[in-house]
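According to my numbering, the sequence shown is numbered sequentially starting from 59.
Beta carbons: idealized from backbone N, C-alpha and C, even for Gly.
To start, the structure under review is shown below, and the notes come after it.
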Amino acid sequence: MTTPYDIISRALKDIGALASGESPSADDAQDAFDLLNDMCAQWSNENMMVFYKTEIIFQTVQNTVQYTLGPSGSVGASFTGSISGTTLTVPVNGVISGAITMGMTITGTGIAAGTTIVGFGTGAGGNVNEGGTYTVSISQTVASTTITAYYERPLTIESAFVRVATQQGGSNIAGGYLDYPVAILSLEEYQSLGIKQLNGPWAKMIYYQPSENLGTLYVFPNPSSGELHLFASTIFRTFGSLYDTIALPQGYNMALRWCLAERMMPMYGKASATQIQMINAFAGQAKATIKRTNMRPAQVSRYPDALMVGRAKDAGFIMDGGFR
């Protein structure tokens, strides 16, 4: 497995700052490490560099129309679990609150700082209160303990749906729940809502404000039930040390190496036209290859159902009789 130290060493050799067999000094390694983390943060803002969407899942609370997303936000999960190697095990009924999904950072007694959930095992996520096994980013051994998990503050919310239990009046539709699309409002559209506390069966629209530390999510109407599923571009994680494991899809290690070399050339006074042209070409090719893989076709233009005049295309009338 590759580490930031390996990427840094190779990038320094690519620009001629190190000879074969040499190792970077502590100061050089730290400067390059800081630059590597800054570059990953920049990639989080480049849509086609992001290889998957983070699914944020939480149960709405009656008479609560505002939620916060981030390290100390109101949306997250709490559960009992243990870690062996890179496997997190959450027992049946071990989830105290929330849902466990990829990209969450976990904290608890004995858990290494910066540990994130990077894969599903028998626990497939997608629902609240789901136990099972999950893969974490840092190998470690942690006895059973209470774990808190949180989402990084999203840059944007790109799409969403609400999951609603189908049991009404003693009957239960096969499957147990139905999913309905949720409209993503702009600030101007949210401001135009006259009664923002208007009661409704579940959230049909959301507005997201990505403030500096915590993102704030506003839902409309004021829901009496419903489980929200939000999809946001993934934030590339910050490496905690030079020897963290880099677990990214194929092609990213090479892109990190050449793009880091490209950014370090001015620091080391590299001015050879041939060398600059070669490294720029390799860095550009590495990023272009990743972007071609991650590129998604543009969505067909349509009006959000929740904003159209007339009856909405969901089963909201079951709870409100169709009256607005």
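Inter-residue Cα distance where the pair is residue i and residue j
i: LEU414; j: VAL220; result: This structure does not reach residue 414, given that the chain is present from 59 up to 382, and the question cannot be answered.
i: ILE141; j: TYR63; result: 25 Å
i: GLU320; j: SER299; result: 22 Å
i: ALA339; j: SER132; result: 45 Å
i: GLY168; j: ALA201; result: 8 Å
i: VAL153; j: GLY190; result: 10 Å
i: GLN88; j: GLN249; result: 46 Å
i: GLN255; j: MET353; result: 39 Å
i: ALA75; j: ILE348; result: 27 Å
i: MET322; j: THR138; result: 44 Å
i: SER81; j: SER67; result: 7 Å
i: TYR209; j: LEU251; result: 28 Å
i: TYR326; j: ASP86; result: 10 Å
i: LEU213; j: VAL123; result: 20 Å
i: LEU245; j: GLU270; result: 17 Å
i: ALA290; j: ALA90; result: 29 Å
i: MET312; j: GLN120; result: 48 Å
i: THR145; j: MET59; result: 17 Å
i: PRO149; j: GLY234; result: 23 Å
i: GLN308; j: PRO259; result: 44 Å
i: ASN257; j: ARG211; result: 28 Å
i: MET107; j: THR199; result: 32 Å
i: ILE253; j: VAL222; result: 23 Å
i: ARG382; j: ASP96; result: A caution first: ARG382 carries a pLDDT of 47, below 50, which makes its placement in the model unreliable, though a value can still be read off. Approximately 49 Å between the Cα atoms of the pair.
i: ILE304; j: GLY79; result: 22 Å
i: ALA331; j: ILE337; result: 10 Å
Residues bridged to residue i [DSSP beta-bridge criterion]
i: GLY143; result: GLN198
i: ILE115; result: HIS287
i: PHE219; result: PRO239 and HIS287
i: TYR125; result: LEU275
i: THR191; result: THR147
i: SER136; result: SER155 and THR206
i: TYR265; result: TYR276
i: ASN257; result: ASN280
i: GLY91; result: Correcting the residue type first, residue 91 is Phe in the shown sequence and not Gly. BP columns for PHE91 are empty, so no partner.
i: ILE175; result: VAL194
Residue j beta carbon less than 7 Å from that of residue i
i: TRP316; j: ALA344; result: yes
i: VAL161; j: LEU272; result: Correcting the residue type first, residue 161 is Gly in the shown sequence and not Val. No, the pair does not count as a contact, with Cβ atoms beyond the cut-off.
i: LEU318; j: ALA69; result: yes
i: SER155; j: SER136; result: yes
i: GLU113; j: THR159; result: yes
i: TYR110; j: THR296; result: no
i: GLY134; j: ALA182; result: no
i: ILE115; j: ALA157; result: yes
i: ILE73; j: LYS328; result: yes
Residues near residue i by beta carbon distance below 7 Å, same chain, minus five either side
i: ASN230; result: With a pLDDT of 47 at ASN230, under the threshold of 50, the modelled position of that residue is not reliable, and the figure given next carries that caveat. Counting only Cβ-Cβ distances below 7 Å, and skipping sequence neighbours, we find THR224.
i: GLY143; result: SER197
Proximal residues to residue i (C-beta, below 8 Å), its chain only, five neighbours per side dropped
i: ASP302; result: THR61, PRO62, GLY172, SER195 and ILE196
i: GLY227; result: Caution applies to GLY227, whose pLDDT of 45 falls short of 50 and renders its modelled position unreliable; the value that the coordinates give is listed next. Nothing meets the Cβ criterion.
i: ILE264; result: ILE215, ALA218, VAL240, ALA241, ILE242, LEU243, LEU275, TYR276, VAL277, PHE278, LEU286 and LEU288
i: ALA261; result: THR118, VAL220, VAL240, VAL277, PHE278, PRO279, PRO281, GLY284 and LEU286
i: SER102; result: VAL108, LEU213, SER291, THR292, ILE293 and PHE294
Check: residue i C-beta below 6 Å from any heavy atom of the ligand MN
i: GLU104; result: This structure does not include the ligand MN; it has no bound ligands of any sort.
Spatial neighbours of residue i in its chain, beta-carbon cut-off 6 Å, leaving aside the 5 residues before and after
i: GLN267; result: THR274
i: CYS98; result: PHE294
i: THR203; result: GLY166 and THR167
i: TYR125; result: SER132, VAL133 and LEU275
i: LYS71; result: none
i: GLY177; result: THR193
Any C-beta of chain B under 7 Å from that of residue i
i: ILE293; result: The displayed structure is made up of one protein chain only, and chain B is not part of it.
| field | the region 170-183 touching the region 237-248, judged by at least three CB pairs closer than 8 Å | value | Contact fails between the region 170-183 and the region 237-248, because fewer than three Cβ pairs, one in each stretch, are under 8 Å apart.
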